[in-house]
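Note that the protein sequences, when read in sequence, are chains A and B. With this note's numbering applied, the first sequence corresponds to residues 1 to 378, in that order. With this note's numbering applied, the second sequence corresponds to residues 379 to 630, in that order. Yeah, the Cβ is synthetic: ideal placement off N, Cα and C, and Gly gets one too. Step one of this worksheet: look at the structure below.
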Amino acid sequence: MLDGAGAPRLRKRVRPALPRAGPASAPAGTVDRKATARRRETAVVVPVALTACFLAVVAVLALAVGRYSVPLDHVVQILTAQIAPVPVQASATEQNVVLLVRLPRVLLALLVGGGLAIGGAALQAIFRNPLVSPEIIGVSAGASFGGALALLLGLGPFLLVGGSFACGLLALGTLFLITSGRAGTPMLKIVLGGVVTGSFFSALVALVTYIADPNTTLPAIVFWLLGSVSTATFTKVAVALIPVLGGAAVLVALRWRINVLSLGDEDAAALGVRPRPLRWVVLVSVALIVAGAVAVSGAVSWVGLVIPHLARMWVGPDHRVLLPVSFLLGGAYIVLVDTIARTATAGEIPLGVLTALIGAPVFFLLLRRNREKVWDSA
Amino acid sequence: MLELDGVGFGYSPRDWVFRGVSFRVPPGTATAVLGPNGSGKTTLVRCAAGLLDPQEGTVRLSESAGYVPQAHGSAFAYRALDMVLMGRARHVGVFRTPGSSDHEAALEAMERVGAAGLRDRRFPTLSGGEQQLILIARAIAAGSPVLVLDEPATGLDLKNQARVLTLLRELMADGMALLLSTHHPDHALHLADRVVLLGRSGVRTGSAAELLTDAQLSALYGVRVSTVAYSDDGDGFPSSTPRRTIVVHYGS
Chain A
1 MLDGAGAPRL
11 RKRVRPALPR
21 AGPASAPAGT
31 VDRKATARRR
41 ETAVVVPVAL
51 TACFLAVVAV
61 LALAVGRYSV
71 PLDHVVQILT
81 AQIAPVPVQA
91 SATEQNVVLL
101 VRLPRVLLAL
111 LVGGGLAIGG
121 AALQAIFRNP
131 LVSPEIIGVS
141 AGASFGGALA
151 LLLGLGPFLL
161 VGGSFACGLL
171 ALGTLFLITS
181 GRAGTPMLKI
191 VLGGVVTGSF
201 FSALVALVTY
211 IADPNTTLPA
221 IVFWLLGSVS
231 TATFTKVAVA
241 LIPVLGGAAV
251 LVALRWRINV
261 LSLGDEDAAA
271 LGVRPRPLRW
281 VVLVSVALIV
291 AGAVAVSGAV
301 SWVGLVIPHL
311 ARMWVGPDHR
321 VLLPVSFLLG
331 GAYIVLVDTI
341 ARTATAGEIP
351 LGVLTALIGA
361 PVFFLLLRRN
371 REKVWDSA
Chain B
379 MLELDGVGFG
389 YSPRDWVFRG
399 VSFRVPPGTA
409 TAVLGPNGSG
419 KTTLVRCAAG
429 LLDPQEGTVR
439 LSESAGYVPQ
449 AHGSAFAYRA
459 LDMVLMGRAR
469 HVGVFRTPGS
479 SDHEAALEAM
489 ERVGAAGLRD
499 RRFPTLSGGE
509 QQLILIARAI
519 AAGSPVLVLD
529 EPATGLDLKN
539 QARVLTLLRE
549 LMADGMALLL
559 STHHPDHALH
569 LADRVVLLGR
579 SGVRTGSAAE
589 LLTDAQLSAL
599 YGVRVSTVAY
609 SDDGDGFPSS
619 TPRRTIVVHY
629 GS
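And the structure:
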């Protein structure tokens, strides 16, 4: 029934429409707002803490297992001894294996996996599409070309990151130009734009390998492109640390703004958020992360797609939780997969091969099982 | 207070969607924008909300308006409370997340629209009417005394249309200024103090009594429309003013 303004019951709650924090004496029957706000804050902390614990357990396990097995309590002792004066019963060999051989590899795997996963989650938010990942939109191919070019020219590790970053950003910019037109559906434009960008930069990578000297630079480029963290050193960890952690820190700092941006440009603008500059900050951060990861590990695929998906199924789409959880879960995933890669067979299975072999079928299952619950795409 | 003065908008030079639109929306009143499909209703409300810059004229707004877009899906299944919280974006720093005062404002806005019980539901699982209430709550949570709504009742069944109209009347009674575009002249009759008619022959603005007539509406939509009076004493509440609604002559 359509009530007029004069109907008395409409007046029952006349009060200022501006929803400032109300007086403590809330009317009976309303929810306890303070308690609800507190509950929302714990809802952010608990999954992040749980994932961090999971990552710690996986990392300690990864330091323990391998061809030279180190007991778990020795691993914990060796690690604790680095920060606190505790007696260490582990042998010198065990200490060398854990600290010099396995620790850089675990740290590198953590950075690569965490970076690619949080980058994927952020890209999915700003493209408003849960099927976007650094590989699908061609950023990884761009970064690969930049890295291959740096190796071809014999530039150092920092220019390797710089080249990967510049070309990753170039690929992103190209995609953005392709998708920014009015015509066509966003989904189609992203997929087609990614195919165009990716194949263009893949062709450039092929060109680089073609002109590389088969005796000197070609093996280095090919080995690097295969995707692996087996050559991890603390120098490589340092090279990846700044772009990956820097980019991830920016994304985590913007986590709630990314929620608003994921509503679409018009909604974001109506809510007082300028979408274009914010999107560029997110894109540059992702390019930085992907460049850092690709520079030290080559092309490790599927992490940026599968891990955010898995995380979203668990904690929902709120990026306040999703971004940190994606980073920690992605780190744990690559540490785990890399441990399998070096222990499952006598030789090493390339990491990139293994992530694709696991990622593709897992993603297929995720899509089939849980389409409606976590995202609602037209 | 929202005021448009000589506003004109065109997507290309000399191809105006509308020109010379001037009206004021004082607090506690509603202005309805009516017109056939493609007449530029959405464009006009977007200009008023500050989402589009008009080529000529000025839009004066005491504060930024709360904007309620046409109901749409969301790419991600946020909880209803998180959707409403995003209305607080203006009040939350770039690198910050909403604090307890923002949560309280969001919850109060949800209570205001009568949707507090939906706070933990996922937005895409809500009915069209519930989604509209959440989007209105989001605009209220922004804290602006001006609300701009793009076809707030489109796509809703009759009961949900009534729910939204009742809410809008309550917001007017609270002193908010409303600008809404609508495909329903009967909603304009029910709500609006002033109307803007975007017709093929130009723009007309005036009081509801002056412009919501059989002749004006028939000319606007190109179909015969009559306004008829009806009484509303069956529900036990005294009705102080006679109501009017519209009848469309569909032909045989």
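In its own chain, which residues sit with a C-beta less than 6 Å from the C-beta of residue i, not counting the 5 before and 5 after it?
{"i": "A:Asn259", "result": "His319"}
{"i": "A:Ala232", "result": "Pro104, Arg105, Leu108"}
{"i": "A:Gly113", "result": "Val303, Gly330, Gly331, Tyr333, Ile334"}
{"i": "A:Ala141", "result": "Gly198, Phe201, Ser202"}
{"i": "A:Glu94", "result": "Val70, His74"}
{"i": "B:Pro447", "result": "Asp528"}
{"i": "A:Val14", "result": "With a pLDDT of only 38 at A:Val14, under the threshold of 50, the placement of this residue in the model should not be trusted; the figure read from the coordinates follows. For A:Val14, where only same-chain residues beyond five positions count, there are no Cβ hits under 6 Å."}
{"i": "B:Thr397", "result": "Looking at the sequence itself, residue 397 of chain B is Arg, so the reference to Thr does not match. Closer than 6 Å at the Cβ level, and outside the excluded window around B:Arg397, lie Gly386."}
{"i": "B:Asn538", "result": "Gly507"}
{"i": "A:Ser228", "result": "Pro350, Leu351"}
Which residue marks the beginning of the beta strand (DSSP E) containing residue i, and which one marks its end?
{"i": "B:Ile624", "result": "621-626"}
{"i": "B:Thr583", "result": "580-585"}
{"i": "B:Val385", "result": "380-390"}
{"i": "B:Ser559", "result": "555-559"}
{"i": "B:Leu576", "result": "572-577"}
{"i": "B:Val399", "result": "393-403"}
{"i": "B:Ala607", "result": "603-608"}
What's the call for residue i, buried or exposed, on a 16-neighbour Cβ count within 10 Å?
{"i": "B:Ala528", "result": "The residue asked about is misnamed: residue 528 of chain B is Asp in this sequence, not Ala. The residue is buried, with at least 16 neighbouring Cβ atoms inside 10 Å."}
{"i": "B:Met379", "result": "exposed"}
{"i": "A:Pro23", "result": "Caution is warranted here: a pLDDT of 40 is assigned to A:Pro23, below 50, making its placement in the model unreliable, and the coordinate value is therefore given only provisionally. By the 10 Å Cβ count, A:Pro23 comes out exposed."}
{"i": "A:Pro275", "result": "buried"}
{"i": "B:Gly507", "result": "buried"}
{"i": "B:Tyr456", "result": "buried"}
{"i": "B:Gln510", "result": "buried"}
{"i": "B:His481", "result": "buried"}
{"i": "A:Cys53", "result": "exposed"}
{"i": "B:Tyr445", "result": "buried"}
{"i": "B:Glu489", "result": "buried"}
{"i": "A:Thr45", "result": "Reading off the sequence, residue 45 of chain A comes out as Val, not Thr. Flag for A:Val45 reads exposed."}
{"i": "B:Glu588", "result": "exposed"}
{"i": "B:Ser579", "result": "exposed"}
{"i": "B:His568", "result": "buried"}
{"i": "A:Asp216", "result": "Per the sequence presented here, residue 216 of chain A reads as Thr, with Asp not at that position. Exposed, since its Cβ has fewer than 16 Cβ neighbours within 10 Å."}
Using 8 Å for Cβ pairs, my map puts residue i next to residue j. What's the rounded Cβ distance?
{"i": "B:Val411", "j": "B:Ser559", "result": "4 Å"}
{"i": "A:Ala295", "j": "A:Leu160", "result": "5 Å"}
{"i": "A:Ala253", "j": "B:Phe473", "result": "4 Å"}
{"i": "B:His561", "j": "B:Thr532", "result": "6 Å"}
{"i": "A:Phe165", "j": "A:Ala291", "result": "4 Å"}
{"i": "B:Arg582", "j": "B:Ala520", "result": "Actually they do not touch by this definition, with Cβ atoms about 31 Å apart."}
Output the boundary residues of the alpha helix (DSSP H) element that contains residue i.
{"i": "A:Leu278", "result": "275-297"}
{"i": "A:Trp314", "result": "303-315"}
{"i": "A:Gly330", "result": "319-343"}
{"i": "B:Tyr599", "result": "592-599"}
{"i": "A:Ser164", "result": "157-179"}
{"i": "B:Gly506", "result": "506-519"}
{"i": "B:Val524", "result": "Run containing B:Val524: none in the alpha helix (DSSP H); it sits in the beta strand (DSSP E), 524-528."}
{"i": "A:Ala268", "result": "265-270"}
{"i": "A:Val300", "result": "Unbroken run through A:Val300: none, as it is neither H nor E."}
{"i": "B:Pro563", "result": "563-569"}
{"i": "B:Glu548", "result": "536-551"}
{"i": "A:Pro214", "result": "Counting along the chain, A:Pro214 falls outside any alpha helix (DSSP H), and DSSP gives it neither H nor E."}
{"i": "A:Thr355", "result": "351-369"}
{"i": "A:Gly246", "result": "234-253"}
CB-CB under 8 Å to residue i, same chain, minus the five flanking residues each way: which ones, in chain order?
{"i": "B:Ala337", "result": "Residue 337 of chain B is absent from the model: chain B starts at 379 and stops at 630."}
{"i": "A:Gly359", "result": "Ser301, Trp302, Val303, Leu305, Val306"}
{"i": "A:Trp256", "result": "His319, Arg320"}
{"i": "A:Leu328", "result": "Val48, Thr51, Ala52, Phe54, Leu55, Gly114"}
{"i": "B:Ala493", "result": "Ala458, Glu508, Leu511, Ile512, Ala515"}
{"i": "A:Val76", "result": "Val60"}
Ordered along the chain, which non-local residues of its own chain (more than five positions away) have a Cβ less than 7 Å from that of residue i?
{"i": "B:Gly629", "result": "none"}
{"i": "A:Thr343", "result": "Val65, Gly66"}
{"i": "B:Gly413", "result": "Lys419, Leu575, Leu576, Gly577, Leu598"}
{"i": "B:Asn415", "result": "none"}
{"i": "A:Phe348", "result": "Sequence check: residue 348 of chain A is Glu here, not Phe. Closer than 7 Å at the Cβ level, and outside the excluded window around A:Glu348, lie Ser230, Ala341, Arg342."}
Say yes only if the C-beta of residue i is nearer than 7 Å to one or more non-hydrogen atoms of the ligand SAM, and no if none qualify.
{"i": "B:Ile512", "result": "Judged by which ligands are present, the structure shown has none, so any question about the ligand SAM falls away."}
Mind pulling the chain E residues with CB within less than 7 Å of residue i?
{"i": "A:Asn215", "result": "Absence of chain E from the displayed structure is noted, the protein chains being A and B."}
Practice item. May I have a chain-ordered list of the alpha helix (DSSP H) segments no shorter than 4 residues that lie completely inside the region 74-143 of chain A? Key: Whole alpha helix (DSSP H) segments, 4+ residues: 92-96, 103-126.
Exercise for review: Could you name each continuous beta strand (DSSP E) segment of 3 residues or more that falls completely within the region 411-480 of chain B, going from the start of the chain to the end?
Suggested key: With a minimum length of 3 residues, the continuous beta strand (DSSP E) runs that stay inside the region 411-480 of chain B are 434-439, 444-446.
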